[in-house]
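There are 2 protein chains.
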Amino acid sequence: MADEKVMLGHGSGGSMMKRIIDEVFFEAYGTDELLRGDDAAVLPALAPGERLAYSTDSFVVTPHFFPGGDIGRLAVCGTVNDVATSGARPLYLSCAFILEEGFPMDDLRRICASMAEAAREAGVRFVTGDTKVVNRGHGDGIYINTSGVGALAEGVNLGGAQIRPGDAVLVSGTLGDHGITIMSCREGLNFSANIESDAAPLNHLIADVLAAAPNTRCFRDPTRGGIASTLNELAEQSGTDITVDEDAIPVKDAVLGACEMLGYDVMQVANEGKMVCVVAADEAEAALAAMRKSPYGADAAIIGRVTEADPVRGPKVFLRTAFGSTRILDMLVGEQLPRIC
Amino acid sequence: MADEKVMLGHGSGGSMMKRIIDEVFFEAYGTDELLRGDDAAVLPALAPGERLAYSTDSFVVTPHFFPGGDIGRLAVCGTVNDVATSGARPLYLSCAFILEEGFPMDDLRRICASMAEAAREAGVRFVTGDTKVVNRGHGDGIYINTSGVGALAEGVNLGGAQIRPGDAVLVSGTLGDHGITIMSCREGLNFSANIESDAAPLNHLIADVLAAAPNTRCFRDPTRGGIASTLNELAEQSGTDITVDEDAIPVKDAVLGACEMLGYDVMQVANEGKMVCVVAADEAEAALAAMRKSPYGADAAIIGRVTEADPVRGPKVFLRTAFGSTRILDMLVGEQLPRIC
């Protein structure tokens, strides 16, 4: 069956669809809820007072497989991380495939195995799913949507709006790895064997930071648009200025070299396994130490400070360059590198 | 801006994406959670003991607009109905778009307005979303994923496995309307001005049936694969035989005529606003009366009975034809009509 392909019938709702569900999806990450085969999964009540955290993302990255990960790993980590940014424990995932007729069944199996592994690492379970097949020429092999639900303990209220002047800004590791990996794969460039995607589930790292720094204001996942867009969103949500130090921002040499060659600003390049975190200044060192204990936080750093915004000019993000000058760091405009996730 | 098109930059994570979110999505169906702009929506705790119901579906139907609805109405009703089949009150939806570069912005606005209207009717709110844009030639204008979360009261335990011999099988209205509408649109056929999609949110109808017939065993949404696939799934889940009467099954004349001309079995044609319901025999009339009171249940009917399956042969579905003979009603094999939803 090495040359088995996805066919339109696999999305029919009939017996072929039942087979792909049984032989591919259940095989990789079957759970009681999925096996039950009802239209909706029924999940236990949360603890009294626990709120729901809920997020969704579709994944359209090409290529589907790349150093450090694949579209399946991204689809799990991306949604787990989005749910976790609220401070919630991610619990359940949905997974919906849009497959293009002719997609190799072996690639689908490999992607599902990778999703299962990432879900195990994050401690989340697939409980509901959907499969659609579109005609050849109307997709790009595979698109994956995941949504995720988590439980948020009472008293945890994170968000960009909680940020205030004086706070410290941290990042959990080196920037730009994912974006540059995808770009170099796609363009057939080979900058360095050392560049690979950082796609990783960060929910355990986040839980550790929250335990160490209870006055954490917010977490944010600097994916599309890079950390530049993330910081601008946070400045706008909180009505503050944010100033980051170029010298303090961790970037791998190979990634920096690739960005310089291609004219990209690493601050606008996408990440998939990094977290921006804003904490009360007196808890910054504790948060940093918690990050560095995680396997995904070894290169974590304190990169900047929050200050009051000029009420007339409005909130802005500044980059203090390695040469000592300061420039405004803008949100990405238009498209830098499409289909990065 | 009548000829404005979706561009790759609208999926960039930068300022163009922010604009499409503000001007199209918030404009149509903004909620506090969406406006907050965090990575995950935070939602209130459910009542003590209430469980979660959770479902997802992607929508790839072509054409995007058709008599009786559009891809946006489908995307809301499909997920609302899947969540409601568990007996839960649907509360929240996620919405993720995969847009193809060049898709007309006005079509997107029209689809979003339709989603907002269907959500209002169902009483659900969009709380989290995502937007991706793929290059021209790698999509089909618009694909929509929705997932939905509902609250399920203590003591309500519906599902195919609850069905037992003696139960009655009901359907909430005429079969085949959606599938035949899409097919005739797509092929440029015009069977009758009377055929239109039945896409509708059925959560209120379901709640009324549950109140009237507390021994309801399960609801199921006979979408892809039609009622034939649904009944076969239910027979298998419960290990019973199900026999339905052709004479009792409501089908519009125009739909039946179209099916006969095209060689389709109406039992295998997709529906998007119908519910199959299995109830204890002594509550069948009460359930039927509750359905008929709904604007979407006027043509509801009791169509069959559940009996014990032969332990050797295993569970089967039978159709007693109008001529008095009985034949096995099989699940759809392969593909009848792709991209119906």
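Going down the list, the protein sequences come from chains A and B. Here the numbering used here is used: the first residue of the first sequence is 1, the next is one more, and so on. Here the numbering used here is used: the first residue of the second sequence is 342, the next is one more, and so on. Idealized CB from N, CA, C, for every residue including glycine.
Exercise for the section: Using three-state DSSP, classify serine 325 of chain A as helix, strand or coil. Expected result: As a first step, residue 325 of chain A must be located in the first sequence, where it is residue number 325. Serine 325 of chain A falls in the coil class under three-state DSSP.
Practice task
Give every residue of the same chain whose Cβ lies closer than 7 Å to the Cβ of threonine 403 of chain B, excluding the five residues on either side of it in the sequence, and list them in chain order.
Solution key: The residue given as residue 403 of chain B occupies position 62 in the second sequence. Counting only Cβ-Cβ distances below 7 Å, and skipping sequence neighbours, we find Asp481, Arg527, Arg680.
Problem - Whole runs of the alpha helix (DSSP H) within the region 54-111 of chain A, excluding any shorter than 4 residues - result: 71-84
Practice task
Look up glycine 148 of chain A in the DSSP assignment and say whether it is helix, strand or coil.
Solution key: For the purposes of this step, residue 148 of chain A is identified with residue 148 of the first sequence, where counting begins at 1. Three-state result, glycine 148 of chain A: strand.
Exercise for the section: Specify the secondary structure class of lysine 293 of chain A as computed by DSSP and reduced to three states. Expected result: In the first sequence, the residue the question calls residue 293 of chain A occupies position 293. Reduced to three states, the DSSP call for lysine 293 of chain A is helix.
Practice task
Look at the alpha carbon of alanine 119 of chain A and the alpha carbon of alanine 75 of chain A, and state the distance between them as a whole number of angstroms.
Solution key: Taking the first sequence and counting its residues from 1, one reaches residue 119 of chain A at position 119. Taking the first sequence and counting its residues from 1, one reaches residue 75 of chain A at position 75. Computed Cα separation, rounded: 10 Å.
Exercise for the section: Determine which residues of the region 131-144 of chain A have a Cβ less than 8 Å from any Cβ of chain B, and write them out in chain order. Expected result: Lys132, Val133, Val134, Asn135, Gly137, His138, Gly139, Asp140, Tyr143
Exercise for the section: Check leucine 376 of chain B in the structure and name its three-state DSSP category. Expected result: Position 35 of the second sequence, counted from the start, is the residue given in the question as residue 376 of chain B. In the three-state DSSP reduction, leucine 376 of chain B falls in the helix class (H, G or I).
Handout entry: Inter-residue CB distance, alanine 553 of chain B and alanine 627 of chain B (contact presumed, cutoff 8 Å)
Key = As a position in the second sequence, residue 553 of chain B is number 212, starting the count at 1. As a position in the second sequence, residue 627 of chain B is number 286, starting the count at 1. Rounded, the Cβ-Cβ distance is 4 Å, consistent with contact.
Exercise for the section: Could you tell me which of B:Leu603, B:Phe400, B:Gly413, B:Tyr433 sits nearest to aspartate 373 of chain B, measuring between CA atoms? Expected result: Working through the second sequence from its first residue, we reach residue 373 of chain B at position 32. With distances taken between Cα atoms, aspartate 373 of chain B lies closest to B:Tyr433.
Practice task
Keeping to the same chain, check which residues put their C-beta closer than 6 Å to that of threonine 174 of chain A; ignore five residues upstream and five downstream.
Solution key: As a working mapping, residue 174 of chain A is identified with position 174 in the first sequence. Within the same chain, threonine 174 of chain A has close Cβ partners Pro250, Val251, Lys252, Asp299.
Handout entry: glycine 345 of chain A versus A:Asn190, A:Ile180, A:Ala96, residue with shortest Cα-Cα distance
Key = Not covered by the structure: residue 345 of chain A. The range shown for chain A is 1 to 341.
Practice task
Return no unless some Cβ of chain B is closer than 9 Å to the Cβ of aspartate 198 of chain A.
Solution key: On the first sequence, residue 198 of chain A is found 198 positions in, with the first residue counted as 1. Closer than 9 Å: no.
Handout entry: Length of the line joining the Cα atoms of methionine 524 of chain B and aspartate 623 of chain B
Key = By one-based count along the second sequence, residue 524 of chain B stands at place 183. By one-based count along the second sequence, residue 623 of chain B stands at place 282. So the alpha carbons of these two residues sit roughly 39 Å apart.
Practice task
With 9 Å as the limit, tell me which residues of the region 199-220 of chain A have their beta carbon closer than that to any beta carbon of chain B; keep them in chain order.
Solution key: Cys218, Phe219, Arg220
Practice task
Evaluate contact between the region 258-271 of chain A and the region 217-224 of chain A, counting only Cβ atoms and requiring at least three cross-stretch pairs below 8 Å.
Solution key: Yes: the two stretches touch, three or more of their Cβ pairs being nearer than 8 Å.
Problem - Beta-bridge pairing of glycine 645 of chain B - partner residues as DSSP gives them - result: Taking the second sequence and counting its residues from 1, one reaches residue 645 of chain B at position 304. Partner(s): B:Val510, B:Val585.
Practice task
Determine whether the Cβ of cysteine 618 of chain B lies closer than 9 Å to any Cβ atom of chain A.
Solution key: Residue 618 of chain B sits at position 277 when you count from the first residue of the second sequence. Taking Cβ atoms only, chain A never reaches closer than 9 Å to cysteine 618 of chain B, which makes this a no.
Practice task
Using the DSSP secondary-structure output, state which residues sit across from arginine 320 of chain A in a beta bridge.
Solution key: Within the first sequence, residue 320 of chain A is the residue found at index 320, counting from 1. DSSP, once it has assigned bridges, lists A:Asp245, A:Thr326 as partnering arginine 320 of chain A.
Exercise for the section: Name, please, each residue of chain A whose Cβ falls closer than 8 Å to the Cβ of proline 389 of chain B. Expected result: Numbered from its first residue, the second sequence carries residue 389 of chain B at position 48. By Cβ distance, chain A contributes Ala45, Pro48.
Exercise for the section: Reducing DSSP to helix, strand and coil, say where tyrosine 29 of chain A ends up. Expected result: What you label residue 29 of chain A is simply residue 29 of the first sequence in a count that begins at 1. Helix at tyrosine 29 of chain A.
Practice task
With DSSP as the reference, label alanine 41 of chain A as helix, strand or coil.
Solution key: In the first sequence, residue 41 of chain A corresponds to position 41, counting from 1. Three-state DSSP puts alanine 41 of chain A in a strand.
Problem - Proximity to valine 401 of chain B [Cα-Cα], best of A:Thr131, A:Met261, A:Ala322, A:Ile227 - result: Translated into the one-based positions of the second sequence, residue 401 of chain B becomes position 60. Out of A:Thr131, A:Met261, A:Ala322, A:Ile227, A:Thr131 has the C-alpha closest to the C-alpha of valine 401 of chain B.
Problem - CB contact flag (leucine 34 of chain A, phenylalanine 103 of chain A, <9 Å) - result: Against the first sequence, residue 34 of chain A aligns to sequence position 34. Against the first sequence, residue 103 of chain A aligns to sequence position 103. Taking 9 Å as the Cβ cut-off, leucine 34 of chain A and phenylalanine 103 of chain A do not qualify as a contacting pair.
Practice task
Take every Cβ of the region 288-302 of chain A, pair it with every Cβ of the region 150-161 of chain A, and state whether three or more of those distances are shorter than 8 Å.
Solution key: no
Handout entry: Start-to-end residues for the beta strand (DSSP E) that takes in aspartate 471 of chain B
Key = Counting from one through the second sequence, the residue named residue 471 of chain B turns up at place 130. That run of the beta strand (DSSP E) goes 466-475.
Handout entry: valine 333 of chain A - containing beta strand (DSSP E), residue span
Key = Here residue 333 of chain A corresponds to residue number 333 of the first sequence, with the count starting at 1. It is not in any beta strand (DSSP E) - valine 333 of chain A carries neither H nor E in the DSSP assignment.
Handout entry: Rounded C-alpha distance that separates arginine 430 of chain B from glycine 13 of chain A
Key = The count along the second sequence starts at 1 and reaches residue 430 of chain B at position 89. The count along the first sequence starts at 1 and reaches residue 13 of chain A at position 13. Roughly 25 Å between the two C-alpha positions.
Handout entry: Partners in chain A for serine 427 of chain B, counting only beta-carbon separations shorter than 9 Å
Key = In the second sequence, residue 427 of chain B corresponds to position 86, counting from 1. Per Cβ cutoff of 9 Å: Asp38, Asp39, Ala40, Ala41, Val42.
Practice task
Give me the Cα-Cα distance between valine 133 of chain A and proline 201 of chain A, rounded to the nearest whole angstrom.
Solution key: Your numbering for residue 133 of chain A matches position 133 in the first sequence. Your numbering for residue 201 of chain A matches position 201 in the first sequence. Taking the straight line joining both Cα atoms gives about 28 Å.
Handout entry: 9 Å Cβ cutoff, arginine 680 of chain B in contact with chain A
Key = As a first step, residue 680 of chain B is located in the second sequence; it is residue number 339 there, counting from the start. Yes, because at least one Cβ of chain A sits closer than 9 Å to the Cβ of arginine 680 of chain B.
Handout entry: Within chain B, the residues that serine 15 of chain A reaches when beta carbons sit closer than 9 Å
Key = Reading the first sequence from its first residue, position 15 is the one you call residue 15 of chain A. Simply Gly566, Ser570, Asn573, Asp671, Met672, Leu673, Val674, Gly675.
Exercise for the section: Hey, could you find the ends of the alpha helix (DSSP H) arginine 19 of chain A is sitting in? Expected result: Residue numbering aside, residue 19 of chain A sits at position 19 when the first sequence is read from its first letter. Looking at the DSSP string, the run of the alpha helix (DSSP H) that includes arginine 19 of chain A is 15-20.
Practice task
Quick one: grab the DSSP three-state call for leucine 189 of chain A.
Solution key: For this step, residue 189 of chain A is matched to residue 189 along the first sequence. It is coil, neither helix nor strand.
Practice task
Identify every residue that forms a DSSP beta bridge with isoleucine 142 of chain A.
Solution key: Locating residue 142 of chain A in the first sequence gives position 142, counting from the first residue. Its beta-bridge partners are A:Leu99.
Exercise for the section: Pull up the CB-CB distance for serine 356 of chain B and aspartate 39 of chain A, whole angstroms please, since I reckon it's below 8 Å. Expected result: For this step, residue 356 of chain B is matched to residue 15 along the second sequence. For this step, residue 39 of chain A is matched to residue 39 along the first sequence. Not a contact, Cβ separation roughly 39 Å.
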